[in-house]
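In what follows, a single structure is set out as structure tokens and then discussed.
Number of protein chains: 2
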Amino acid sequence: MQRSPIKHCRECGTTVHYRLPDDGDTKLRAICPACHTVHYENPLNVVGTVPYLGNQVLLCKRNIEPRRGKWTLPAGFMELGESTSEGAARETAEEAGAQFIMEDLLTVMSVPRVGQVHLYYRARLTSDVFDPGHETMEARLFYEDEIPWDELAFRTVKETLEHYFADRRLGRFATHAFDIA
Amino acid sequence: MQRSPIKHCRECGTTVHYRLPDDGDTKLRAICPACHTVHYENPLNVVGTVPYLGNQVLLCKRNIEPRRGKWTLPAGFMELGESTSEGAARETAEEAGAQFIMEDLLTVMSVPRVGQVHLYYRARLTSDVFDPGHETMEARLFYEDEIPWDELAFRTVKETLEHYFADRRLGRFATHAFDIA
Numbered sequence: 002m003q004r005s006p007i008k009h010c011r012e013c014g015t016t017v018h019y020r021l022p023d024d025g026d027t028k029l030r031a032i033c034p035a036c037h038t039v040h041y042e043n044p045l046n047v048v049g050t051v052p053y054l055g056n057q058v059l060l061c062k063r064n065i066e067p068r069r070g071k072w073t074l075p076a077g078f079m080e081l082g083e084s085t086s087e088g089a090a091r092e093t094a095e096e097a098g099a100q101f102i103m104e105d106l107l108t109v110m111s112v113p114r115v116g117q118v119h120l121y122y123r124a125r126l127t128s129d130v131f132d133p134g135h136e137t138m139e140a141r142l143f144y145e146d147e148i149p150w151d152e153l154a155f156r157t158v159k160e161t162l163e164h165y166f167a168d169r170r171l172g173r174f175a176t177h178a179f180d181i182a
Numbered sequence: 002m003q004r005s006p007i008k009h010c011r012e013c014g015t016t017v018h019y020r021l022p023d024d025g026d027t028k029l030r031a032i033c034p035a036c037h038t039v040h041y042e043n044p045l046n047v048v049g050t051v052p053y054l055g056n057q058v059l060l061c062k063r064n065i066e067p068r069r070g071k072w073t074l075p076a077g078f079m080e081l082g083e084s085t086s087e088g089a090a091r092e093t094a095e096e097a098g099a100q101f102i103m104e105d106l107l108t109v110m111s112v113p114r115v116g117q118v119h120l121y122y123r124a125r126l127t128s129d130v131f132d133p134g135h136e137t138m139e140a141r142l143f144y145e146d147e148i149p150w151d152e153l154a155f156r157t158v159k160e161t162l163e164h165y166f167a168d169r170r171l172g173r174f175a176t177h178a179f180d181i182a
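Respectively, the protein sequence lines represent chains S and H.
Quick note, the numbering used here runs 1 ahead of the 1-based positions in the first sequence.
Quick note, the numbering used here runs 1 ahead of the 1-based positions in the second sequence.
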């Protein structure tokens, strides 16, 4: 799960204990013995886009860990106060400095091993000029036969690109929801 | 957002301050002045199903707040260690005690006002006998013209049922992704 256990209560700072709550809940939760706050931990959403221009898609070379130097689609953790598509647009602006119009949801991928759900939208680029942020070494367009399949940062990126090109060949885009073990 | 601010560090219990982190992040985060842990808060996923049997769908009368006594589709917070569809199946078993086969993703609805994303799958019931848990007063099947539209617990439930019946009339189900202001 790659999450460190909660040690202290967010309300009062007391050391918590992991135990079953008294309300019928069947999962162990970090519970404060002083103020009785129950702390829940839940999966995180990662939101991003497949930015495309004609027959090309935009990839970003990562300038941060994990997978520094590998290629990825622009994506990042969804924030409070935004929708999935607003978060995907924000990450695309931040990581690629791209100009684009958001389109439909392409993939919804659960990755329970790391407690994440990844959602990617298609985004139609309106310019081929990019101004990537500090998280990106380089942003450039690739034709399908140029995609560095062995140098992609994440399995979710590979799956999303495969669905994008497959749907494109079919001439019809759908939303693909599946789990990644 | 309906979240109370973090007061204490989960690692060491020290009182946190909300400020901009030093890593280029542009959002205020709860940061520990003692151990420097940055605490992130992110949207939560609510996962559920539209359980159907022939031309009927299953609704549950809520036995818990909020909206006690109102009708809902079985749904709840996604947990660590499960996928969206596994969470939706778990909630359907817990809240309705139904037997069913999971089908495709029907709706993905962002509700930024409350920091949530709601995802509903279709689920084909294999029995008309239900054994609802303590969160449900009553679980029963409704034909479309019997749905208590004015007694539904949540806007996301109404939108999901509307898409279910509209797609059913079309004879073709799709995944519908949209935001609820």
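Using N, Cα and C, we set each Cβ at its ideal position, and we do this for glycine too.
Owing to the predicted nature of the structure, the values given are computational and were not obtained by experimental measurement.
Give a yes or no on whether 7 Å exceeds the smallest Cβ distance from Gly77/H to chain S. no
According to DSSP, which residues form a beta bridge with Phe101/H? Leu126/H
For Phe166/S, the three-state DSSP class (helix, strand or coil): helix
Starting from Pro44/S, find everything on chain H with Cβ-Cβ shorter than 7 Å and list it in chain order. Asn46, Met79, Leu81
Would Leu120/S and Thr93/S qualify as a contact pair, given that the criterion is a beta-carbon distance under 7 Å? no
Residue-level contact to chain H via CB, Ser84/S, 7 Å cutoff: yes
So Leu106/H contacts chain S; which residues on that side make the cut at Cβ distance below 8 Å? Val109, Thr176, Ala178
Helix, strand or coil for Pro6/H per DSSP? The DSSP-derived three-state label of Pro6/H is coil.
At least one CB of chain H closer than 7 Å to the CB of Val115/S: is that the case? no
Ile148/H at chain S interface by Cβ criterion, 7 Å: Taking Cβ atoms only, chain S never reaches closer than 7 Å to Ile148/H, which makes this a no.
Measure from the C-beta of Arg69/H to each C-beta in chain S and report whether the shortest distance is under 7 Å. Against chain S, the CB of Arg69/H has no partner CB under 7 Å away; the residue lies outside that interface.
Using a Cβ cut-off of 7 Å (strictly closer), state whether His135/H contacts chain S. By this cut-off, His135/H is an interface position.
Label Glu96/H either buried or exposed according to how many other C-beta atoms from any shown protein chain fall within 10 Å of its C-beta, with 16 as the threshold for buried. buried
Hey, is the stretch 132-149 of chain S in contact with the stretch 68-75 of chain H, meaning 3+ C-beta pairs nearer than 8 Å? no
Would you say the stretch 121-131 of chain H touches the stretch 97-108 of chain H, given that touching needs at least three Cβ pairs under 8 Å? yes
List the residues of chain S whose Cβ lies closer than 9 Å to the Cβ of Val118/H, in chain order. Asn46, Met79, Ser84, Thr85, Val118, Leu120
Flag this pair as yes or no: are the beta carbons of His18/H and Ile32/H separated by less than 7 Å? yes
Among residues of its own chain, excluding the 5 on either side of Val112/H, which ones have a beta-carbon nearer than 6 Å to its beta-carbon? Ile181
Within chain H, the residues that Glu12/S reaches when beta carbons sit closer than 9 Å: Near Glu12/S (Cβ distances below 9 Å), the residues of chain H are Ser5, Ile7, Lys8, His9.
Using the C-alpha atoms, what's the distance from Glu136/H back to Ala154/S? 42 Å
Give me the chain H residues within the contact set of Lys28/S, using Cβ-Cβ distance strictly less than 8 Å, ordered along the chain. Ordered by position in chain H, the residues that pass the 8 Å Cβ test against Lys28/S are Glu80.
At least one CB of chain H closer than 7 Å to the CB of Gly98/S: is that the case? Answer no: the Cβ-Cβ gap between Gly98/S and chain H never drops below 7 Å.
In the DSSP assignment, what residue or residues form a beta bridge with Cys61/H? Thr73/H, Ala140/H
Specify the secondary structure class of Pro67/S as computed by DSSP and reduced to three states. Look at Pro67/S here: in three-state DSSP terms it is coil, with no helix or strand label.
Proximity test, Cβ basis, 7 Å: Gly25/H and chain S: Cβ-Cβ to chain S under 7 Å: yes for Gly25/H.
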